[in-house]
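Numbering-wise (the working numbering), the sequence shown opens with residue 130 and increments by one. Here the structure comes first, spelled out in structure tokens, and everything after it is commentary.
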Amino acid sequence: MSFKFPLIAQQKLMIKPWDWLFGFIPQTEQDLRKFITKKHLIWTSSARNALFMLLKELKKQQTKQLTIALPAFTCQVIRDAALRANIKIIYYDYDVDTNIEEFQKLITQKPDLLLLCYNFGYLPENISEIANLCQKHKITLVEDCAQALGATQNNKLAGSFGDYAIYSFGISKNVGFTGGILASDKELDLPKQHPEPVNHIFKKIIESIASSIILNKHLYSLFAKILHKQILEKAKYPNNEFACSLFTKNIIKNLAEDYKKILKNRQENFKIISGKETEAACLYYPIFPKNKEQQQEIIKTAKKQGVELDNLKSFVFLPKTNEDNKRLFPKAWSAAQFHLAIALLRNKKTIQKIAKVINS
Numbered sequence: 130m131s132f133k134f135p136l137i138a139q140q141k142l143m144i145k146p147w148d149w150l151f152g153f154i155p156q157t158e159q160d161l162r163k164f165i166t167k168k169h170l171i172w173t174s175s176a177r178n179a180l181f182m183l184l185k186e187l188k189k190q191q192t193k194q195l196t197i198a199l200p201a202f203t204c205q206v207i208r209d210a211a212l213r214a215n216i217k218i219i220y221y222d223y224d225v226d227t228n229i230e231e232f233q234k235l236i237t238q239k240p241d242l243l244l245l246c247y248n249f250g251y252l253p254e255n256i257s258e259i260a261n262l263c264q265k266h267k268i269t270l271v272e273d274c275a276q277a278l279g280a281t282q283n284n285k286l287a288g289s290f291g292d293y294a295i296y297s298f299g300i301s302k303n304v305g306f307t308g309g310i311l312a313s314d315k316e317l318d319l320p321k322q323h324p325e326p327v328n329h330i331f332k333k334i335i336e337s338i339a340s341s342i343i344l345n346k347h348l349y350s351l352f353a354k355i356l357h358k359q360i361l362e363k364a365k366y367p368n369n370e371f372a373c374s375l376f377t378k379n380i381i382k383n384l385a386e387d388y389k390k391i392l393k394n395r396q397e398n399f400k401i402i403s404g405k406e407t408e409a410a411c412l413y414y415p416i417f418p419k420n421k422e423q424q425q426e427i428i429k430t431a432k433k434q435g436v437e438l439d440n441l442k443s444f445v446f447l448p449k450t451n452e453d454n455k456r457l458f459p460k461a462w463s464a465a466q467f468h469l470a471i472a473l474l475r476n477k478k479t480i481q482k483i484a485k486v487i488n489s
């Protein structure tokens, strides 16, 4: 008997139905601090809001219009945050990696900030070179670690290469419930945030309980269309800007206690599929077909073996879609159109089956 592993169902959530109870129990930051090293942590409603707050603060410190360089392929809410902060946007070509020449070319456009997004949980191989280039040209480097909590390169943590880092604790992320963090070694004078609404906390508790029931191979097909629609709706920038409550912080801090084991599991699963060691967070295993025909052939072959592949709907081509931009950002355009992703938090037997399908 063969089973399908649809995209959401295969993303086994870290949070368990009873984990919300830890919101009532005081927790320390000790375990979370194993993955976030910057001195000051500002807890907020989401990673996108963390970026928005940072951009607004940096904008206040300048008399000129600020320019931020964004990857042409990543989650669309990043662009929304920059637009809401009224920051000028330029783009660079990127999927999960890029060459240093792309950033050297970017320097000539004189951005004030560079946002480096660790798509699917992977750091670019030349991250140290990129950081040095930013430092040399006085470009503020912001690391988007929303999918890369705990990832390292040469034993240096994601979030420690740049000036600032943002993190997400959305329910499908590495440590998942709700909220986000803006991390900085500098103390930031940010406006006081509104408190987290009680109804928001209650909603997230219900989601965490319901997700554990719905997101399994037996029930997922009944809810797939509804869930896909919700994903697309959630990808739009919400108007919820607030600080995380102590209740939410306690849940996140408690979940961080087990994250090292989760991270190790994903990295081992990455090795089973790729045959390579990795220091990445490995939230997903990305596949980049060259064209539509190859993409559909991979999907068709996988489906015959009971493995369902799909792309992440919230990851898009950020520049305006036209022939000039397709030519300027070919890697990003191809990734947005054809990428496939498969989540890596699962048991060894399942991963071995998926590895066989992918490697065939």
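Think of the CB as a built atom: it goes at the ideal place given N, C-alpha and C, for glycine as much as any other residue. As the structure is a prediction and not an experimental result, all values here were calculated from the model.
Item	Value
Beta-carbon proximity of proline 324 to serine 257, cut-off 8 Å	no
6 Å Cβ shell around alanine 409 - same chain, five flanking residues per side excluded	Gly250, Tyr251 and Ala280
C-alpha distance - aspartate 309 paired with phenylalanine 298, whole-angstrom precision	Looking at the sequence provided, one finds glycine at residue 309 rather than aspartate. Approximately 5 Å, taken between the alpha carbons.
Rounded separation between glutamine 190 and alanine 294 - CA only	19 Å
As assigned by DSSP and simplified to three states, the class of tyrosine 221	strand
Which of helix, strand or coil DSSP assigns to leucine 161	helix
Local Cβ density within 10 Å of aspartate 224, reported as buried at 16 or more and exposed below that	buried
Threonine 377: first and last residue of the uninterrupted alpha helix (DSSP H) it sits in	375-385
Leucine 361 (DSSP reduced to helix, strand or coil)	With a pLDDT of 48 at leucine 361, under the threshold of 50, the predicted position of this residue should be treated as unreliable, though the coordinate-derived value follows. Helix, per DSSP.
Of the listed residues Ile334, Leu438, Glu386 and Gly152, nearest to arginine 162 (C-alpha basis)	Glu386
Length of the line joining the Cα atoms of isoleucine 360 and threonine 237	Low confidence applies here, because isoleucine 360 scores a pLDDT of 48, under 50, leaving its location unreliable; read the following figure in that light. If I take the Cα positions, the gap works out to 37 Å.
Other residues of its chain near lysine 168: CB distance less than 7 Å, five sequence neighbours each side excluded	Asp314
Whether isoleucine 144 touches leucine 180 by CB criterion (8 Å)	no
Beta carbon of leucine 117 nearer than 8 Å to that of tyrosine 220	It is not possible to answer for residue 117, since the shown part of the chain is limited to 130 through 489.
Pairwise C-alpha distance: asparagine 328 and phenylalanine 371	13 Å
C-alpha distance - phenylalanine 151 paired with phenylalanine 306, whole-angstrom precision	12 Å
Backbone CA spacing between aspartate 226 and cysteine 204 [nearest angstrom]	15 Å
Closer than 8 Å to chain B by CB, asparagine 178	Considering every chain present, this structure includes no chain B. It has just one protein chain.
Alpha-carbon to alpha-carbon, leucine 392 and isoleucine 416	20 Å
Boundaries (first-last residue) of the alpha helix (DSSP H) holding cysteine 411	Careful: cysteine 411 lies outside any alpha helix (DSSP H) and carries neither H nor E.
Where the beta strand (DSSP E) through leucine 243 begins and ends	242-246
Cβ shell of lysine 217 (< 8 Å), same chain only, five flanking positions each side left out	Gln194, Leu195, Thr196 and Ile197
Three-way DSSP call (helix, strand, coil) for serine 289 in this model	coil
Beta-carbon contacts of threonine 173 that lie in its chain and below 8 Å, excluding the five residues immediately before and after	Ala179, Met182, Gly308, Gly309, Ile310, Leu311, Gln322, Glu370, Phe371, Ala372 and Cys373
N- and C-terminal bounds of the beta strand (DSSP E) containing proline 200	196-200
Rounded separation between leucine 245 and aspartate 273 - CA only	6 Å
Beta-carbon spacing of alanine 472, alanine 201 below 8 Å	no
Threonine 227 (DSSP reduced to helix, strand or coil)	coil
Isoleucine 256 CB to nearest heavy atom of the ligand NAP below 7 Å	No copy of the ligand NAP appears in this structure; indeed no ligand is present at all.
Which of helix, strand or coil DSSP assigns to histidine 329	helix
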